[in-house]
Structures are given as C-alpha cells and as structure tokens.
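Q:
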Amino acid sequence: MRRDEPAWVRWALILFAWVFCGLFLVLPLAAVFGEALRDGWQAYLASVTEPDALAALRLTALTAAVVLPLNLAFGLAAAWCLGKFRFRGRALLTTLIDLPFAVSPITAGLIFVLLFGLHGWLGPWLAEREWRVIFALPGIWLASLFVTCPFVAREVIPLMQEQGCDEELAALTLGANGWQTFWRVTWPNVRWAVLYGAILSNARCMGEFGAVSVVSGHIRGLTNTLPLHVEILYNEYQFSAAFAVASLLSLLALLTLLLKKLLEWRLTRQRQGEPA
Amino acid sequence: MSLAVSHLSKTFGPHRAVDDVSLRVGDGELVALLGPSGCGKTTLLRMIAGLEEPDPHPAASLRFDDREVAGEAVGRREVGFVFQHYALFRQLTVFENVAFGLRVKPWRERPPRAEIRERVLELLRLVQLEGFEQRLPGQLSGGQRQRVALARALAVRPRVLLLDEPFGALDAKVRADLRRWLRRLHDELHVTSLFVTHDQEEALEVADRVVVMQRGRVEQDGSPDEVFHHPANAFVTDFLGQVNLFHGRVQDGQAVFGPLAVDSPPAAEGQAARLLVRPHELEIHPARVGRPGLAATVARLQLAGPLAKVELRGDGPDEIVVSLSHEQVATLGLRVGDAVTVGLKGHRVYVDDYSI
C-alpha cells in the first residue's frame, strides 16, 4: 500500500488509537480487577463464594444452559429457512429477527411483564394455575432468550446465503435423505459460524442486565443473576464485593473474546476453502 | 435406459420458462440441449432430475423406459446430476465426495466398506484423478473439480446422467480437452446422457443429437450434421454459428436483396425476407472483374487462425464477414480498402415472423 501521509500523522493516529483504547477499555478493566482485589485475595474469595453470590452464579449458569440450546435450535432453523429458501415476506422476516437488537432491553423486559405479569394479558390465566413467570425463573429465561435469539441466526444466514443450496441439491440427487443431507453437508459447512454465534449469544445471555432486571424481582438467592447481584452489592456500598463479582463477568468477557478470535481465524480459513 | 419427456411446462410467475416440451433420449445416447441463456434448458434438465416440479398438465409425463417417474422424489429417480458450479461438498475429501452416494444408501443396499473403496478408486482412475483422494475441493483446479463431480454422479450407477453446462465455468483450452474426454468416456460407459450447453461448438462436437431450444420451446431436434446444414428456421441458423444477415423483400417470386436475387419460398408479394449466409458461403471477387454481386470494400483482414476472416463494409449497417483460406486471400491479393464484389455460394432465405 502506498502511504501519502507524513510520518508524524501516522504516529499521531496510532498514538490516539492506543490512548483511546487505554482510557476506555483497558483502564476500566484494570479498575475492575484492582477494586476487586483492594482488600486482598481473602476478601475477594469470600465475596465470590458467599451463598448469595454462588446462588447468582448458579442461576446465571442455569439460565445460559436453558437459553443456549433453544438459541441454537431457533438460530439454525431460522437461518435454514431464510438462508436457503426464497419466499414472500422473507425480507420482512429477516428484519424481524433483528428486532431484539433494536428494542431497548428495558422495553423487552416490560413486554414480558405486560404479557405474563399479574395484571398482564395472560396474568390471570397463569395465576389460576399458580404458574409464575414474572419474578420467577421462566421470566428470566424468556427475557434472556428474547435479547439473545438473533445472534446465531445472524451469523449463519449470510454464510448459508453465500454457499447457496447446490450442495444440498447434489446430496438429494445422490439419494441422501433430509437428515443425512443436514448432518453430512449443511452442518459441516456452518458449524464454526454456529459456534461463533453461540459464544456471542452466551456472553450476552450471562451479562444481560436490563431485560432481566425488569422481570426478575431481585429475590436474593432465588432470582438474582450475576449482573443483578453486582448492582445490589454496589447499592449496599459493598464496593470490593461488587467489583469481585463484576470481575467474574469480566473474565467471562475476556474468555469470550479469546474464543471469538480463535473462531474468526477458523472461519476465514474455511472461507478460503482450506480444511476446517 | 431411455428417457422420454412429453408435454412438460414450467411457469415462474408470469414467465413461461419451459413451454410444452417433448423429447426423447435413446438408450445410451448422448444428447445436447442447446440454446441461449434463459431459454429454459436448465429448467427442463432440473425437472427431469426432480429438482423442479413441472406445471400440472394431463398429458405431462416423464418416463425412464416404461416407468413414469414424474411423481417420484429426487433421490428415487437414480439420476446423476452434474451441476454447473460442480456443487462439490467443500468439507469432504475427493474420496468422500465420490463415496457420498454409496455411503448414504439405506444399510440394506449399502455396499461394504471395501467395496465402496474399490468403486471410488475405480472411478477416480476413470476420471484420471488417481492420487487425489485426500484433497479437498478447494485445492483442485476447475477441470479437476468437474471430473470429481462427474465421478460422484457416476458412483451410484445412475440410469440417466444429466449435466448442466458441464464446462461452462472453464477456460477455452480446458473446455476443449474435457469435452473430447467426455465423448470418449461416454463411448466407454454408454450411460444415457443429456447435457445442457449454450455453446454450439460444444454441442455439435460432443453430442449424438442436438435439441435446439428458444424461449422455452424446442426449435429443432436432429443430428449435429442436420441442425448445422439444414437448420429448421432462422433462429437455429443464427444460433449455430456466425451468419451474415441481409434484409430484403419478395418480388415476382424472388427474394431480392439489393443486387442479389434468389429463389424465395412461397410468400406474399412484398413480404419482408431475410437472407442468412454463413461466412464460408460467400465468395469475393475483385471489383474490376465485373462479376454481379454486392459491392463492398475491405475493412479489415484477420489472418490469425486456420481460416482468414475478411470483414467487408457494404451498403448495410453491419459488416459482412467472409471466411477464406489463406491461399485464396493471397491469390486475390486482398488489402484493406480494396473494392470487391461479394457473391453467394450458399444461403438460406426466410420469410417467417422470426427476426434477429
């Protein structure tokens, strides 16, 4: 590439990028860990192993375990439908899939309260049967599902569109049934993209605050996820405990970044037609 | 196994892609479906494979020998389909691509592993790709991929082999080699084959029979010799090679094109007529000889190639192209700017509605 800019412009731009990243990304991250460890390792361990923190951790893990398989199933089915077929209303459906990204998480949470809350549309019907959705686990799962469902589909749809249906048609002419076609042809072509989407959706699911906050009810030890727990601790002026729990979420974010990077590398290799 | 298509049509919205087409491919025959892009040839091929559903019609039928297959699912028809862009399974090795059709058979029909291996290796030998078993499709050239696609289609011993523009994505030299190779392969295997192409040279060189299509209809069905030398209409004439086109009118039972007059097919007086002449059916004389014919001047001489091409500028808007042997060019001593007269050695006159 030809470089027209004088050296000092280039260096100034690079420096600016570094300073910006440092101020807005590295410094806050360092602050989280610094604050978390302010009272020493003992205090850190105590705050992340006290019963309410463990309960929040368990609930977050459980939520992820419930939401992720549903996301995978929905994302693959939606991508299959939108990426491989042409039909009336396809463009509208593709846009609708992105709706959860466009809607504020608070609104998303409120939607579920309006639907399933005591005074909501389905509230009385649920109350008669003593089924609780809002201020209980199903509400948390629904809200998490809502905000994370586009991730897998969005990763897989463009890939499927790019690959077209020729391979599937070829498999059909060779006598393969639908199941064989999916597992032998379609799945190997999209598996890395699916995993990529799954990791992003998982990270969002574990870190979701807004939507979950509205539907959870903040019952300690019962409906508190990790992000909600951080908020409670912070509001109670237990700063180092709050930061300690927050550091768990930050570690999760770092792990997600690492996995994402690895997968991106995999995906580019696959696009270039090399073994994957 | 013979293939018989009767009264198949296919409509996409307002567009009639295939319009009441009937054709037959005899047992062991290699037939080309030839036509410009968008003429419905690929749609027809996909209907035969079962990848498209024909429009419902009481007389529509699709038979392999005496068996009606129109209602059968793709996988049950036992056709081998070679896609234009190969459609190889990009995640599978060459070996696994070819073995695919055998591996997905229900377990009662599936051959044992050793047999599959033997069959795949035999096919790879046949398509001259021994030693490429462990490669991935991304690591092969276009011509190699095409041969893997062919081997994969042949692995299941199809009753009918269907090829969609099999050489369409290859460069000229590889195309020419591959099509001669395909012809030899067909002579060895004798599998009933139908292939789609828009390249008239390819169709004429490879096929036993050529079916020329336009706008969803069959224009002519005959041997390469027939369709080339006795084209049924102006479209086929035009499509099967370069032609010079002259516009004229019918006068006193003759079709008149400026100074040229030729016998006309029966037509009303004054009707528009078209004269189609291939470059090798024209002859050139120096103007000073005074032979009757079209007056023209030499605009360009193209001397590369087995025949010389002379481009002439006459009264009409289009250049007239004449092909001559290099000896004739030398004897005539042609130079750019020379005045010449053009005479007819052969021609075709059409007074139908078709216009180019």
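Taken in order, these protein sequences are the chains called A and B.
At position 73 of the first sequence (counting the first as 1) the number is 705 in the numbering used here, and the numbers step up by one without a gap.
At position 62 of the second sequence (counting the first as 1) the number is 98 in the numbering used here, and the numbers step up by one without a gap.
A virtual CB, placed ideally from N, CA and C, is assigned to each residue, including glycine.
On a predicted model such as this, the values are computed, not experimentally measured, just so you know.
When the cut-off is 8 Å and only beta carbons count, does B/Lys-141 lie next to chain A?
A: Locating residue 141 of chain B in the second sequence gives position 105, counting from the first residue. B/Lys-141 counts as touching chain A.
Q: In the structure shown, what three-state DSSP assignment does A/Met-792 receive?
A: Indexing the first sequence from 1 puts residue 792 of chain A at position 160. Of the three classes helix, strand and coil, the one that applies to A/Met-792 here is helix, per DSSP.
Q: Taking the runs of the beta strand (DSSP E) that are 3 residues or longer, which of them lie wholly in the stretch 64-123 of chain B?
A: 66-70, 97-100 and 115-118
Q: Can you give me the start and stop residues for the beta strand (DSSP E) that B/Phe-231 sits inside?
A: Within the second sequence, numbered from 1, the residue matching residue 231 of chain B stands at position 195. Taken as a continuous stretch (DSSP letters only), the beta strand (DSSP E) holding B/Phe-231 covers 228-233.
Q: Skipping 5 residues on each side, what residues in its chain have a beta carbon closer than 8 Å to that of B/Phe-125?
A: Residue mapping note: residue 125 of chain B aligns to position 89 of the second sequence, counting from 1. So the list reads Glu-132, Asn-133, Phe-136 and Pro-173, once near-sequence residues are dropped.
Q: Flag A/Gly-807 as yes if its beta-carbon sits less than 8 Å from any beta-carbon of chain B, otherwise no.
A: For the purposes of this step, residue 807 of chain A is identified with residue 175 of the first sequence, where counting begins at 1. True, the Cβ-Cβ gap to chain B drops below 8 Å.
Q: Which residues in the same chain as A/Asn-856 place their Cβ atom closer than 8 Å to its Cβ, once the five residues preceding and following it in sequence are excluded?
A: Position 224 of the first sequence, counting from 1, holds the residue named residue 856 of chain A. Correct list, in chain order: Asp-684, Ala-687, Ala-688, Leu-691, Ser-848, His-850 and Ile-864.
Q: Sort B/Arg-327, B/Ile-356, B/Glu-317 and B/Pro-328 by Cα distance to B/Val-334 and report the nearest one.
A: Your numbering for residue 334 of chain B matches position 298 in the second sequence. Answer by Cα proximity: B/Ile-356.
Q: Does the Cβ-Cβ distance between B/Val-192 and A/Leu-806 come in under 8 Å?
A: Taking the first residue of the second sequence as position 1, residue 192 of chain B is located at position 156. Taking the first residue of the first sequence as position 1, residue 806 of chain A is located at position 174. Yes, Cβ-Cβ distance for B/Val-192 and A/Leu-806 is below 8 Å.
Q: Throw me the rounded Cβ distance for the B/Ala-68 and B/Phe-271 pair, which I believe falls under 8 Å.
A: Taking the second sequence and counting its residues from 1, one reaches residue 68 of chain B at position 32. Taking the second sequence and counting its residues from 1, one reaches residue 271 of chain B at position 235. About 16 Å; that fails the 8 Å criterion.
Q: For the stretch 333-348 of chain B and the stretch 359-370 of chain B, state whether three or more C-beta atom pairs, one from each stretch, are separated by less than 8 Å.
A: yes
Q: When Cβ atoms are compared, which residues of the stretch 778-797 of chain A fall closer than 7 Å to chain B?
A: none
Q: So what's B/Phe-203 in DSSP terms, helix, strand or just coil?
A: Numbered from 1 along the second sequence, position 167 holds the residue referred to as residue 203 of chain B. Coil, per DSSP.
Q: Give me the residue from A/Arg-786, A/Trp-819, A/Tyr-869 and A/Ala-710 with the minimum Cα distance to A/Ser-833.
A: For this step, residue 833 of chain A is matched to residue 201 along the first sequence. Closest option to A/Ser-833, Cα to Cα, is A/Arg-786.
Q: Once the 5 residues before and after B/Gln-236 are set aside, which same chain residues still bring their CB inside 7 Å of it?
A: One-based indexing of the second sequence puts residue 236 of chain B at position 200. Once the five neighbours on either side are set aside, the close Cβ partners of B/Gln-236 are Leu-70, Phe-275, Leu-276 and Gly-277.
Q: Less than 8 Å between the beta carbons of A/Gly-755 and A/Phe-748, yes or no?
A: Start at 1 with the first residue of the first sequence, and residue 755 of chain A comes out as number 123. Start at 1 with the first residue of the first sequence, and residue 748 of chain A comes out as number 116. Result yes, Cβ atoms of A/Gly-755 and A/Phe-748 sit closer than 8 Å.
Q: Quick one: what does DSSP say B/Gly-277 is sitting in, helix, strand or coil?
A: Translated into the one-based positions of the second sequence, residue 277 of chain B becomes position 241. In this structure, B/Gly-277 counts as coil in the three-state DSSP scheme.
Q: List, in chain order, every chain A residue whose beta-carbon is nearer than 8 Å to that of B/Gly-393.
A: Residue 393 of chain B lies beyond the range of chain B shown here (37 to 392); nothing can be said about it.
Q: Please classify B/Phe-280: is it buried, with 16 or more other beta-carbons within 10 angstroms of its beta-carbon, or exposed?
A: As a position in the second sequence, residue 280 of chain B is number 244, starting the count at 1. Just to set this straight, residue 280 of chain B is Asn in the shown sequence, not Phe. Its Cβ being crowded by 16 or more others within 10 Å, B/Asn-280 is buried.
Q: Can you give me the C-alpha to C-alpha distance between A/Leu-827 and A/Val-784, rounded to a whole angstrom?
A: The sequence position of residue 827 of chain A within the first sequence is 195, counting from 1. The sequence position of residue 784 of chain A within the first sequence is 152, counting from 1. Annotation: A/Leu-827 to A/Val-784 spans about 8 Å, alpha carbon to alpha carbon.
Q: Please state whether the Cβ-Cβ distance between B/Arg-52 and B/Gly-252 is less than 8 Å.
A: What you label residue 52 of chain B is simply residue 16 of the second sequence in a count that begins at 1. What you label residue 252 of chain B is simply residue 216 of the second sequence in a count that begins at 1. Taking a C-beta distance under 8 Å as the contact criterion, B/Arg-52 and B/Gly-252 qualify as a contact pair.
Q: Identify, in the order they occur along the chain, each residue of the same chain with its Cβ nearer than 6 Å to the Cβ of A/Asp-730, setting aside the five sequence neighbours on each side.
A: As a working note, residue 730 of chain A is residue 98 in the first sequence. Closer than 6 Å at Cβ, skipping near neighbours: Pro-782.
Q: Which whole runs of the alpha helix (DSSP H) in the stretch 773-843 of chain A are 4 residues long or more, in chain order?
A: 782-795, 798-805, 810-813 and 819-839
Q: How is B/Arg-245 classed by DSSP in three states: helix, strand or coil?
A: Start at 1 with the first residue of the second sequence, and residue 245 of chain B comes out as number 209. Here B/Arg-245 sits in strand by DSSP.
Q: Once you ignore the five residues that flank A/Ser-845 on each side, which residues in its own chain have a CB closer than 7 Å to its CB?
A: Taking the first sequence and counting its residues from 1, one reaches residue 845 of chain A at position 213. Counting only Cβ-Cβ distances below 7 Å, and skipping sequence neighbours, we find Gly-741 and Leu-860.
Q: Counting only runs that start and end within the stretch 665-703 of chain A, where is the alpha helix (DSSP H) found for 4 or more residues in a row?
A: Here the runs fully enclosed are 672-681.
Q: Please report the straight-line C-alpha distance between A/Ser-736 and A/Gly-842, rounded to a whole angstrom.
A: For the purposes of this step, residue 736 of chain A is taken as the residue at position 104 of the first sequence. For the purposes of this step, residue 842 of chain A is taken as the residue at position 210 of the first sequence. The straight-line gap from Cα to Cα measures roughly 8 Å.
Q: Can you tell me whether B/His-51 is helix, strand or coil according to DSSP?
A: On the second sequence, residue 51 of chain B is found 15 positions in, with the first residue counted as 1. DSSP places B/His-51 in strand when its eight states are reduced to three.
Q: So the candidates are B/Phe-282, B/Ser-300 and B/Leu-312; which of them puts its Cα closest to the Cα of B/Gly-289?
A: Position 253 of the second sequence, counting from 1, holds the residue named residue 289 of chain B. The shortest C-alpha to C-alpha distance from B/Gly-289 to any of B/Phe-282, B/Ser-300 and B/Leu-312 is the one to B/Ser-300.
Q: Whole angstroms are fine: how far does the CA of B/Gln-256 sit from the CA of B/Val-248?
A: As a position in the second sequence, residue 248 of chain B is number 212, starting the count at 1. As a position in the second sequence, residue 256 of chain B is number 220, starting the count at 1. For B/Val-248 and B/Gln-256, the distance between alpha carbons rounds to 5 Å.
Q: Leaving out five residues before and five after B/Pro-302 in sequence, what residues of the same chain have Cβ atoms less than 7 Å from its Cβ?
A: Here the question's residue 302 of chain B lines up with position 266 in the second sequence. Closer than 7 Å at Cβ, skipping near neighbours: no residue.
Q: Between which residues of its own chain and A/Phe-778 is the CB-CB distance below 6 Å, once the five residues before and five after are set aside?
A: To locate residue 778 of chain A, count along the first sequence from 1; it is residue 146. If we look at A/Phe-778 and ignore the five residues flanking it on each side, its Cβ neighbours are Pro-732 and Ala-740.
Q: Quick one: is B/Lys-209 buried, meaning 16 or more other Cβ sit within 10 Å of its Cβ, or exposed?
A: If you number the second sequence from 1, residue 209 of chain B lands on position 173. Exposed, because fewer than 16 other Cβ atoms sit within 10 Å of the Cβ of B/Lys-209.
Q: A/Val-817 CB to nearest chain B CB: under 8 Å?
A: For the purposes of this step, residue 817 of chain A is identified with residue 185 of the first sequence, where counting begins at 1. True, the Cβ-Cβ gap to chain B drops below 8 Å.
Q: Interface residues of chain B around A/Leu-801 at Cβ under 9 Å?
A: Stepping through the first sequence from its first residue, residue 801 of chain A is reached at position 169. Ordered by position in chain B, the residues that pass the 9 Å Cβ test against A/Leu-801 are Arg-82, Ala-85, Leu-87, Val-110, Phe-117, Phe-119 and Ala-123.
Q: Below 8 Å CB to CB, which residues in the same chain sit around A/Ile-772 once its five sequence neighbours on both sides are set aside?
A: Working through the first sequence from its first residue, we reach residue 772 of chain A at position 140. Result list for A/Ile-772: Leu-691, Thr-695, Val-844, Val-847, Ser-848, Thr-855 and Thr-857, in chain order.
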